[in-house]
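Quick note: the sequence shown, position 7, residue 7 per UniProt numbering, numbers continuous.
For glycine and all other residues, C-beta sits at the position ideal for the given N, C-alpha and C.
Quantities reported herein were computed from a predicted structural model and do not represent experimental measurements.
As structure tokens, the structure follows; a few thoughts come after it.
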Amino acid sequence: MATTGRLVPARRVGAPFFAPFRVFDDNRNLIDLFDAAFAGLEPARIATAAWTPAVTVEETEQAYIVEAELPGIKREDISVELDDNVLHVHGETTAVERTGEVRHQTRRTGKFDYRLALPGEVDADKVEATLTDGVLKLGLPKAGPAQARQITISTETAATTDTTETETPADGATES
């Protein structure tokens with residue numbers, strides 16, 4: 001049986017009929033576009049952006065309970081504000097000075113920021129906050145419903161005013 005030269009290494013010229021890796025060329029072009037678009041963002045610049053802590057929000061009949069994970073952050077480095085029914089937890093933590101080369105790090109440092117628009121009114125004077133084992137727990141009591149009250153209805157005509165209550169003059173004197 002004769003061979004037709006298929007065992008001889010050769011370089012083909014032109015595009016082959018079947019190019020299985022051609023589909024990856026579009027992906028490479030897309031990656032190059034992203035690299036060009038984000039080339040100005042150095043890691044140091046990204047590191048200064050605020051991070052958001054992991055948070056759980058629970059609603060009970062009496063209050064909203066918010067728990068934010070802030071491990072290793074001191075109480076004095078955390079600020080909690082409530083303004084117009086928006087809870088704002090923010091602060092900053094600094095990196096530990098190291099003498100050796102850091103080989104791996106997943107701990108977050110720098111500024112952190114969390115905002116939550118509460119779904120209902122809160123009694124701001126009764127908000128409580130505790131920091132235990134790296135978890136900030138906020139108790140935000142719901143504001144009570146408006147107290148029901150009786151409203152007197154008066155009728156007014158063009159010539160006279162008729163009210164259902166007797167009016168007393170401001171000086172306390174009564175008319176005879």
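{"Asked": "Other residues of its chain near Ala143: CB distance less than 8 Å, five sequence neighbours each side excluded", "Found": "Gly120, Glu121, Val122 and Asp123"}
{"Asked": "Buried versus exposed, by CB contacts within 10 Å (16 or more), Ile73", "Found": "buried"}
{"Asked": "Within 8 Å, strictly: CB atoms of Gln62 and Pro141", "Found": "yes"}
{"Asked": "Burial state of Gly91, where buried means 16 or more other Cβ atoms lie within 10 Å", "Found": "buried"}
{"Asked": "Beta-carbon gap between Glu81 and Val135 smaller than 8 Å", "Found": "no"}
{"Asked": "As assigned by DSSP and simplified to three states, the class of Lys137", "Found": "strand"}
{"Asked": "Collapsed DSSP secondary structure at Arg115 in the structure displayed", "Found": "strand"}
{"Asked": "Within 8 Å, strictly: CB atoms of Leu87 and Leu131", "Found": "no"}
{"Asked": "Outcome for Val102 when other beta-carbon atoms lying within 10 angstroms are tallied against a minimum of 16", "Found": "exposed"}
{"Asked": "Integer-rounded CB distance, given that Ala129 should sit under 8 Å from Thr109", "Found": "Contact flag wrong, Cβ pair sits at about 23 Å."}
{"Asked": "Nearest residue (CA-CA) to Gly139, options Lys126, Ala54, Val89 and Arg149", "Found": "Lys126"}
{"Asked": "DSSP-derived helix/strand/coil call for Lys74", "Found": "coil"}
{"Asked": "Start-to-end residues for the beta strand (DSSP E) that takes in Ala63", "Found": "Ala63 to Glu69"}
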